[in-house]
Amino acid sequence: MKVLHAYAWNIPKWSLGFKAMTKADSTSSPPVLSSIIEPHLDPEGYLLDLSLWNEAIAHQLAQRENIQLTSKHMQILHLARKFQQAYEVSPATRPLAKYIQIHLSPEVSASIYLMQLFGGEAPAKRVCRLAGLPKPTNCL
Numbered sequence: 001m002k003v004l005h006a007y008a009w010n011i012p013k014w015s016l017g018f019k020a021m022t023k024a025d026s027t028s029s030p031p032v033l034s035s036i037i038e039p040h041l042d043p044e045g046y047l048l049d050l051s052l053w054n055e056a057i058a059h060q061l062a063q064r065e066n067i068q069l070t071s072k073h074m075q076i077l078h079l080a081r082k083f084q085q086a087y088e089v090s091p092a093t094r095p096l097a098k099y100i101q102i103h104l105s106p107e108v109s110a111s112i113y114l115m116q117l118f119g120g121e122a123p124a125k126r127v128c129r130l131a132g133l134p135k136p137t138n139c140l
């Protein structure tokens with residue numbers, strides 16, 4: 001399947017989560033987003049340009065990590081982005097948990113909740129990667 005790069009068509013940044021389709025493509029398989037965002041990721045999968053992030057990009061990044069994003073995930077991702085805007089640094093796990101406690105509720109702020117929701121590795125790394133933020137500085 002031929003995938004067209006968004007810049008070749010002068011498509012605005014906000015639409016980078018979608019493939020440009022021509023009549024010839026309309027009967028082919030669904031859009032492939034990874035080929036559009038792949039050049040915009042560092043080797044660890046973090047988005048290089050924070051301004052390119054949107055919820056469609058978040059879903060594509062999550063798909064790469066075998067995560068199905070829910071409204072609970074998206075709520076945490078948006079809070080992580082607010083944290084980064086407020087403090088100009090990507091949140092580590094403890095500060096993110098505290099920020100969530102302040103802005104949502106004490107029940108969802110526990111690191112255990114974040115690990116259950118985002119699984120696997122340190123939750124702050126995965127949250128930042130899916131939220132289009134740089135890797136937290138204190139994460140190895």
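Under the UniProt record's numbering, the first residue of the sequence shown carries the number 1, and numbering increases by one thereafter.
The C-beta atom is built at its ideal place from N, Cα and C for all residues, glycine as well.
Nonlocal neighbours in the same chain, by C-beta distance under 7 Å from residue i, ignoring five residues either side
i	result
residue 136	90, 91, 92, 124, 125, 128
residue 49	40
residue 59	69
residue 42	48
residue 73	117
Local Cβ density within 10 Å of residue i, reported as buried at 16 or more and exposed below that
i	result
residue 110	exposed
residue 99	buried
residue 141	Residue 141 lies beyond the residue range present for the chain, which begins at 1 and ends at 140; the question has no answer from this structure.
residue 81	buried
residue 86	exposed
Other residues of its chain near residue i: CB distance less than 8 Å, five sequence neighbours each side excluded
i	result
residue 68	62
Presumed contact (8 Å Cβ cut-off) between residue i and residue j, rounded CB distance
i	j	result
residue 142	residue 133	Outside the displayed span of the chain (1 to 140) sits residue 142, for which this structure offers no information.
6 Å CB neighbourhood of residue i in its chain, flanking five on each side removed
i	result
residue 131	77, 80, 81
residue 65	none
Just to confirm the assignment: which complete alpha helix (DSSP H) runs, minimum length 4, are found wholly within the segment 52 to 126? You should have 55 to 64, 71 to 87, 93 to 103, 111 to 118.
For the segment 71 to 86 against the segment 46 to 59, are there 3 or more C-beta pairs whose distance is under 8 Å? yes
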